[in-house]
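Below you'll find the structure, written out as C-alpha coordinates, and then a few comments.
Residue numbers (full-length UniProt numbering): 1 to 321.
Laid out in C-alpha coordinates, this is it:
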(Lines of atoms letter the chains of each structure in order from A and count residues from 1; the text may use other names and numbers.)
(Lines give C-alpha, C1' and ligand atoms only; values in the text may rest on other atoms or scores of the structure.)
Protein backbone atom coordinates (compact mmCIF):
# COMPACT_ATOMS: atom_id res chain seq x y z
CA UNK A 1 0.00 0.00 0.00
CA UNK A 2 2.82 2.27 0.79
CA UNK A 3 4.33 1.59 -2.60
CA UNK A 4 1.09 2.38 -4.26
CA UNK A 5 0.91 5.69 -2.46
CA UNK A 6 4.43 6.58 -3.38
CA UNK A 7 3.76 5.80 -6.97
CA UNK A 8 0.67 7.85 -6.90
CA UNK A 9 2.51 10.72 -5.33
CA UNK A 10 5.26 10.46 -7.86
CA UNK A 11 2.69 10.22 -10.57
CA UNK A 12 1.32 13.47 -9.29
CA UNK A 13 4.58 15.00 -10.40
CA UNK A 14 6.40 15.55 -7.16
CA UNK A 15 10.11 14.79 -7.13
CA UNK A 16 11.66 13.03 -4.12
CA UNK A 17 15.14 12.61 -5.39
CA UNK A 18 14.47 10.38 -8.39
CA UNK A 19 12.69 10.64 -11.72
CA UNK A 20 10.09 8.34 -12.94
CA UNK A 21 9.17 7.82 -16.60
CA UNK A 22 5.76 9.28 -16.14
CA UNK A 23 7.19 12.43 -14.62
CA UNK A 24 9.53 12.93 -17.53
CA UNK A 25 6.71 12.48 -19.98
CA UNK A 26 4.55 15.01 -18.17
CA UNK A 27 7.34 17.56 -18.24
CA UNK A 28 7.97 17.04 -21.96
CA UNK A 29 4.28 17.38 -22.74
CA UNK A 30 4.14 20.58 -20.80
CA UNK A 31 7.09 22.00 -22.78
CA UNK A 32 5.54 20.97 -26.08
CA UNK A 33 2.28 22.67 -25.18
CA UNK A 34 4.19 25.80 -24.21
CA UNK A 35 6.10 25.75 -27.50
CA UNK A 36 2.85 25.22 -29.42
CA UNK A 37 1.26 28.19 -27.67
CA UNK A 38 4.32 30.31 -28.44
CA UNK A 39 4.25 29.19 -32.07
CA UNK A 40 0.55 30.01 -32.32
CA UNK A 41 1.15 33.49 -30.94
CA UNK A 42 3.96 34.04 -33.45
CA UNK A 43 1.78 32.83 -36.34
CA UNK A 44 -1.13 35.02 -35.20
CA UNK A 45 1.10 38.07 -35.02
CA UNK A 46 2.56 37.27 -38.42
CA UNK A 47 -0.86 36.88 -40.03
CA UNK A 48 -2.07 40.10 -38.42
CA UNK A 49 0.95 42.08 -39.59
CA UNK A 50 0.58 40.75 -43.16
CA UNK A 51 -3.10 41.78 -43.22
CA UNK A 52 -2.31 45.30 -42.04
CA UNK A 53 0.45 45.58 -44.63
CA UNK A 54 -1.91 44.49 -47.42
CA UNK A 55 -4.50 47.07 -46.33
CA UNK A 56 -1.96 49.91 -46.28
CA UNK A 57 -0.66 48.86 -49.70
CA UNK A 58 -4.21 48.83 -51.05
CA UNK A 59 -4.83 52.33 -49.65
CA UNK A 60 -1.63 53.59 -51.26
CA UNK A 61 -2.69 52.19 -54.63
CA UNK A 62 -6.10 53.83 -54.30
CA UNK A 63 -4.49 57.16 -53.46
CA UNK A 64 -2.18 56.89 -56.43
CA UNK A 65 -5.06 56.01 -58.78
CA UNK A 66 -7.17 58.95 -57.51
CA UNK A 67 -4.35 61.49 -58.15
CA UNK A 68 -2.97 61.52 -61.73
CA UNK A 69 0.72 61.35 -61.87
CA UNK A 70 2.58 64.31 -63.34
CA UNK A 71 4.55 63.56 -66.48
CA UNK A 72 8.09 62.73 -65.91
CA UNK A 73 10.38 65.48 -67.10
CA UNK A 74 12.95 64.50 -69.55
CA UNK A 75 15.87 66.76 -70.10
CA UNK A 76 17.55 66.59 -73.45
CA UNK A 77 21.10 67.58 -73.24
CA UNK A 78 22.03 69.31 -76.49
CA UNK A 79 25.39 70.20 -77.76
CA UNK A 80 26.59 73.66 -76.92
CA UNK A 81 26.07 76.14 -79.76
CA UNK A 82 27.50 79.59 -80.37
CA UNK A 83 25.07 82.38 -79.33
CA UNK A 84 24.25 84.84 -82.16
CA UNK A 85 22.23 88.03 -81.43
CA UNK A 86 19.23 88.31 -83.81
CA UNK A 87 18.38 91.87 -85.00
CA UNK A 88 15.12 92.50 -86.80
CA UNK A 89 14.53 95.28 -89.30
CA UNK A 90 12.24 98.17 -88.44
CA UNK A 91 10.81 101.19 -90.29
CA UNK A 92 12.48 104.58 -90.15
CA UNK A 93 11.64 106.99 -87.32
CA UNK A 94 9.09 109.65 -88.21
CA UNK A 95 11.51 112.56 -88.51
CA UNK A 96 13.94 110.48 -90.62
CA UNK A 97 11.18 109.33 -92.96
CA UNK A 98 10.02 112.91 -93.46
CA UNK A 99 13.55 113.89 -94.44
CA UNK A 100 13.67 111.21 -97.14
CA UNK A 101 10.17 111.67 -98.56
CA UNK A 102 9.74 113.48 -101.84
CA UNK A 103 7.57 116.57 -102.11
CA UNK A 104 4.76 114.60 -103.73
CA UNK A 105 4.89 111.82 -101.11
CA UNK A 106 4.82 114.31 -98.26
CA UNK A 107 1.95 116.20 -99.84
CA UNK A 108 -0.10 113.01 -100.30
CA UNK A 109 0.45 111.97 -96.68
CA UNK A 110 -0.50 115.42 -95.39
CA UNK A 111 -3.66 115.55 -97.50
CA UNK A 112 -4.68 112.09 -96.29
CA UNK A 113 -4.15 113.06 -92.65
CA UNK A 114 -6.30 116.18 -93.08
CA UNK A 115 -9.05 114.10 -94.72
CA UNK A 116 -9.11 111.57 -91.89
CA UNK A 117 -8.72 114.19 -89.16
CA UNK A 118 -10.56 117.40 -90.24
CA UNK A 119 -9.59 119.14 -87.00
CA UNK A 120 -5.97 119.14 -88.21
CA UNK A 121 -6.84 121.37 -91.20
CA UNK A 122 -7.07 124.49 -89.06
CA UNK A 123 -3.72 123.75 -87.45
CA UNK A 124 -2.03 123.30 -90.84
CA UNK A 125 -3.73 126.44 -92.17
CA UNK A 126 -2.46 128.50 -89.23
CA UNK A 127 1.06 127.19 -89.74
CA UNK A 128 1.00 128.04 -93.45
CA UNK A 129 -0.19 131.57 -92.68
CA UNK A 130 3.03 132.15 -90.75
CA UNK A 131 5.21 131.39 -93.78
CA UNK A 132 6.10 133.86 -96.53
CA UNK A 133 7.00 132.22 -99.83
CA UNK A 134 9.26 134.01 -102.29
CA UNK A 135 8.15 135.20 -105.72
CA UNK A 136 10.66 132.89 -107.39
CA UNK A 137 9.19 129.87 -105.63
CA UNK A 138 5.65 130.76 -106.65
CA UNK A 139 6.76 131.44 -110.22
CA UNK A 140 8.48 128.06 -110.42
CA UNK A 141 5.32 126.31 -109.24
CA UNK A 142 3.16 128.13 -111.78
CA UNK A 143 5.53 127.38 -114.66
CA UNK A 144 5.55 123.68 -113.77
CA UNK A 145 1.74 123.58 -113.91
CA UNK A 146 1.74 125.62 -117.12
CA UNK A 147 4.10 123.11 -118.70
CA UNK A 148 1.78 120.24 -117.76
CA UNK A 149 -1.09 122.16 -119.32
CA UNK A 150 0.77 122.49 -122.63
CA UNK A 151 1.82 118.84 -122.48
CA UNK A 152 -1.84 117.81 -122.21
CA UNK A 153 -2.67 119.35 -125.61
CA UNK A 154 -3.52 116.43 -127.93
CA UNK A 155 -2.16 115.84 -131.43
CA UNK A 156 0.71 117.90 -132.80
CA UNK A 157 2.15 120.57 -130.48
CA UNK A 158 2.63 122.90 -133.48
CA UNK A 159 -1.13 123.06 -134.04
CA UNK A 160 -2.76 126.49 -133.82
CA UNK A 161 -3.05 127.10 -130.07
CA UNK A 162 -5.83 129.66 -130.53
CA UNK A 163 -8.33 127.31 -132.21
CA UNK A 164 -8.33 124.06 -130.22
CA UNK A 165 -11.40 121.85 -130.57
CA UNK A 166 -13.80 120.35 -128.02
CA UNK A 167 -11.82 117.13 -127.71
CA UNK A 168 -8.76 119.13 -126.71
CA UNK A 169 -10.81 121.00 -124.09
CA UNK A 170 -11.98 117.73 -122.52
CA UNK A 171 -8.42 116.46 -122.37
CA UNK A 172 -6.99 119.72 -121.03
CA UNK A 173 -9.74 120.74 -118.61
CA UNK A 174 -8.18 119.21 -115.42
CA UNK A 175 -4.83 120.89 -116.12
CA UNK A 176 -6.53 124.21 -116.98
CA UNK A 177 -8.43 124.31 -113.69
CA UNK A 178 -5.37 123.27 -111.70
CA UNK A 179 -3.25 126.02 -113.24
CA UNK A 180 -5.85 128.79 -112.94
CA UNK A 181 -6.70 127.98 -109.32
CA UNK A 182 -3.02 127.84 -108.42
CA UNK A 183 -2.46 131.18 -110.16
CA UNK A 184 -5.27 132.91 -108.24
CA UNK A 185 -4.11 131.40 -104.92
CA UNK A 186 -0.57 132.67 -105.44
CA UNK A 187 -1.73 136.13 -106.52
CA UNK A 188 -3.92 136.56 -103.44
CA UNK A 189 -0.94 135.63 -101.27
CA UNK A 190 1.19 138.39 -102.85
CA UNK A 191 -1.04 141.43 -102.22
CA UNK A 192 -1.76 143.49 -99.07
CA UNK A 193 -2.14 142.79 -96.24
CA UNK A 194 -0.08 139.63 -96.87
CA UNK A 195 2.62 141.74 -98.56
CA UNK A 196 3.54 145.31 -97.61
CA UNK A 197 5.72 146.08 -100.62
CA UNK A 198 3.37 147.25 -103.40
CA UNK A 199 6.12 147.08 -106.04
CA UNK A 200 6.45 143.39 -105.22
CA UNK A 201 2.69 142.94 -105.61
CA UNK A 202 2.73 144.69 -109.00
CA UNK A 203 5.63 142.58 -110.21
CA UNK A 204 3.93 139.30 -109.36
CA UNK A 205 0.57 140.48 -110.70
CA UNK A 206 2.26 141.41 -113.98
CA UNK A 207 3.80 137.94 -114.31
CA UNK A 208 0.51 136.17 -113.50
CA UNK A 209 -1.48 138.29 -115.97
CA UNK A 210 1.06 137.65 -118.71
CA UNK A 211 0.67 133.88 -118.18
CA UNK A 212 -3.13 134.06 -118.18
CA UNK A 213 -3.54 136.05 -121.42
CA UNK A 214 -1.16 133.75 -123.35
CA UNK A 215 -2.91 130.46 -122.56
CA UNK A 216 -4.02 128.31 -125.54
CA UNK A 217 -7.55 129.24 -126.65
CA UNK A 218 -10.43 127.16 -128.00
CA UNK A 219 -12.64 127.60 -131.06
CA UNK A 220 -15.85 127.48 -129.02
CA UNK A 221 -16.23 130.59 -126.85
CA UNK A 222 -17.85 128.62 -124.00
CA UNK A 223 -14.68 126.55 -123.66
CA UNK A 224 -12.78 129.75 -122.83
CA UNK A 225 -15.11 130.41 -119.90
CA UNK A 226 -12.53 129.58 -117.22
CA UNK A 227 -9.97 131.90 -118.80
CA UNK A 228 -12.43 134.79 -118.79
CA UNK A 229 -13.40 134.22 -115.14
CA UNK A 230 -9.75 134.15 -114.13
CA UNK A 231 -9.02 137.39 -116.01
CA UNK A 232 -12.03 139.06 -114.37
CA UNK A 233 -10.64 138.19 -110.97
CA UNK A 234 -7.19 139.45 -111.96
CA UNK A 235 -8.81 142.73 -113.04
CA UNK A 236 -10.30 143.10 -109.56
CA UNK A 237 -6.91 142.39 -108.00
CA UNK A 238 -5.32 145.09 -110.17
CA UNK A 239 -7.93 147.57 -108.94
CA UNK A 240 -7.33 146.57 -105.32
CA UNK A 241 -3.58 147.09 -105.62
CA UNK A 242 -4.11 150.49 -107.23
CA UNK A 243 -6.32 151.53 -104.31
CA UNK A 244 -3.37 150.89 -102.02
CA UNK A 245 -1.09 152.85 -104.38
CA UNK A 246 -3.48 155.81 -104.43
CA UNK A 247 -3.50 155.91 -100.63
CA UNK A 248 0.32 155.99 -100.54
CA UNK A 249 1.24 159.64 -101.25
CA UNK A 250 4.98 158.99 -101.21
CA UNK A 251 4.70 156.26 -103.83
CA UNK A 252 2.46 158.28 -106.13
CA UNK A 253 4.89 161.23 -106.03
CA UNK A 254 8.25 159.46 -106.17
CA UNK A 255 7.33 156.58 -108.49
CA UNK A 256 5.19 158.40 -111.07
CA UNK A 257 7.37 157.35 -114.08
CA UNK A 258 7.28 153.74 -112.94
CA UNK A 259 3.52 153.81 -112.50
CA UNK A 260 3.10 155.18 -116.03
CA UNK A 261 5.08 152.22 -117.37
CA UNK A 262 2.47 149.90 -115.93
CA UNK A 263 -0.12 151.60 -118.13
CA UNK A 264 1.66 150.34 -121.24
CA UNK A 265 1.64 146.76 -119.94
CA UNK A 266 -2.04 146.92 -119.00
CA UNK A 267 -2.88 148.20 -122.50
CA UNK A 268 -1.27 145.09 -124.00
CA UNK A 269 -2.99 142.73 -121.53
CA UNK A 270 -6.34 144.40 -122.13
CA UNK A 271 -5.97 143.90 -125.88
CA UNK A 272 -5.09 140.20 -125.48
CA UNK A 273 -8.02 139.66 -123.09
CA UNK A 274 -10.51 141.37 -125.43
CA UNK A 275 -11.22 144.27 -123.04
CA UNK A 276 -11.61 142.35 -119.75
CA UNK A 277 -8.87 144.48 -118.13
CA UNK A 278 -10.29 147.82 -119.28
CA UNK A 279 -11.38 148.90 -115.78
CA UNK A 280 -7.94 148.66 -114.11
CA UNK A 281 -6.38 150.19 -117.24
CA UNK A 282 -8.59 153.29 -117.03
CA UNK A 283 -7.94 153.65 -113.31
CA UNK A 284 -4.21 153.41 -113.85
CA UNK A 285 -4.34 156.06 -116.58
CA UNK A 286 -6.21 158.39 -114.29
CA UNK A 287 -3.68 157.84 -111.54
CA UNK A 288 -0.75 158.55 -113.87
CA UNK A 289 -2.30 161.78 -115.18
CA UNK A 290 -2.99 163.04 -111.67
CA UNK A 291 0.56 162.24 -110.54
CA UNK A 292 2.05 164.02 -113.57
CA UNK A 293 -0.03 167.18 -113.25
CA UNK A 294 -0.62 167.83 -109.56
CA UNK A 295 2.00 165.80 -107.77
CA UNK A 296 2.79 168.59 -105.30
CA UNK A 297 -0.79 169.58 -104.54
CA UNK A 298 -2.03 168.38 -101.20
CA UNK A 299 -5.68 168.76 -102.15
CA UNK A 300 -5.25 166.30 -105.00
CA UNK A 301 -4.74 163.49 -102.52
CA UNK A 302 -8.37 163.56 -101.39
CA UNK A 303 -9.59 163.68 -104.97
CA UNK A 304 -7.37 160.74 -105.85
CA UNK A 305 -8.72 158.67 -102.98
CA UNK A 306 -12.31 159.46 -103.90
CA UNK A 307 -11.66 158.01 -107.34
CA UNK A 308 -10.74 154.59 -105.87
CA UNK A 309 -14.06 153.88 -104.18
CA UNK A 310 -15.03 151.36 -106.86
CA UNK A 311 -15.95 147.74 -106.19
CA UNK A 312 -13.38 144.99 -106.13
CA UNK A 313 -15.56 141.88 -106.15
CA UNK A 314 -13.73 138.58 -106.00
CA UNK A 315 -14.28 135.67 -108.33
CA UNK A 316 -13.32 132.09 -107.67
CA UNK A 317 -12.22 129.91 -110.54
CA UNK A 318 -14.18 126.69 -110.39
CA UNK A 319 -16.12 124.15 -112.40
CA UNK A 320 -19.26 126.23 -112.87
CA UNK A 321 -19.81 125.61 -116.52
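We put the CB at the ideal spot given by N, CA and C, even for glycine.
Assigned exposure category for residue i - 16 Cβ within 10 Å defines buried
i	result
residue 323	Outside the displayed range of the chain (1 to 321) lies residue 323, so it cannot be described from this structure.
residue 132	exposed
residue 209	buried
residue 115	exposed
residue 44	exposed
residue 122	exposed
residue 226	buried
residue 32	exposed
residue 119	exposed
residue 42	exposed
residue 276	buried
residue 229	buried
residue 233	buried
DSSP three-state assignment for residue i, whether helix, strand or coil
i	result
residue 133	coil
residue 161	coil
residue 295	Any reading at residue 295 must be qualified, since the residue scores a pLDDT of 44, below 50, and its modelled position is unreliable; no value is offered.
Close beta carbons around residue i, own chain, < 6 Å, minus the five adjacent residues each side
i	result
residue 15	The predicted model places residue 15 with a pLDDT of 47, which falls under 50 and marks its position as unreliable; any figure quoted below should be read in that light. Excluding sequence neighbours, residue 15 sits near nothing in its chain.
residue 96	none
residue 161	216
residue 272	213
residue 192	244
Cutoff 7 Å; reference residue i; Cβ partners in own chain excluding five residues on either side
i	result
residue 280	235, 238, 239, 242, 266
residue 211	142, 146, 183
residue 221	none
residue 278	270
residue 335	Since the first and last residues shown for the chain are 1 and 321, residue 335 lies out of range.
residue 169	218, 223
residue 262	202, 284
residue 207	139
Inter-residue spacing [alpha-carbon to alpha-carbon] between residue i and residue j
i	j	result
residue 85	residue 105	35 Å
residue 179	residue 149	8 Å
residue 244	residue 189	15 Å
residue 107	residue 163	36 Å
residue 328	residue 40	Any question about residue 328 goes unanswered here, given that the chain covers just 1 to 321.
residue 323	residue 205	With the chain covering only 1 through 321, there is no way to say anything about residue 323.
residue 252	residue 195	18 Å
residue 259	residue 268	15 Å
residue 153	residue 136	26 Å
residue 343	residue 274	Residue 343 lies beyond the stretch modelled for the chain, which goes from 1 to 321, so this question has no answer here.
residue 285	residue 231	19 Å
residue 140	residue 186	11 Å
residue 201	residue 176	24 Å
residue 287	residue 134	29 Å
residue 28	residue 48	30 Å
residue 151	residue 171	11 Å
residue 130	residue 90	35 Å
residue 167	residue 103	32 Å
residue 199	residue 282	19 Å
residue 88	residue 99	23 Å
residue 155	residue 165	11 Å
residue 117	residue 128	17 Å
residue 173	residue 254	44 Å
residue 264	residue 197	21 Å
residue 93	residue 144	32 Å
heavy atom of the ligand PLP below 7 Å from residue i C-beta
i	result
residue 194	Ligands displayed in this structure: none; no statement on the ligand PLP is therefore possible.
Sequence-distant residues of its chain with Cβ nearer than 8 Å to residue i (five each side left out)
i	result
residue 109	101
residue 113	120
residue 138	186, 189, 190, 204
residue 124	110, 114
Extract the residue ranges of the alpha helix (DSSP H) inside the segment 228-275, only unbroken runs of 4 or more that lie entirely within it. Within the segment 228-275, the complete alpha helix (DSSP H) runs of at least 4 residues are 249-254, 256-272.
Can you list the alpha helix (DSSP H) stretches of 4 or more residues lying completely in the segment 142-201, in chain order? Within the segment 142-201, the alpha helix (DSSP H) runs of at least 4 residues that lie entirely inside it are, in chain order, 166-188.
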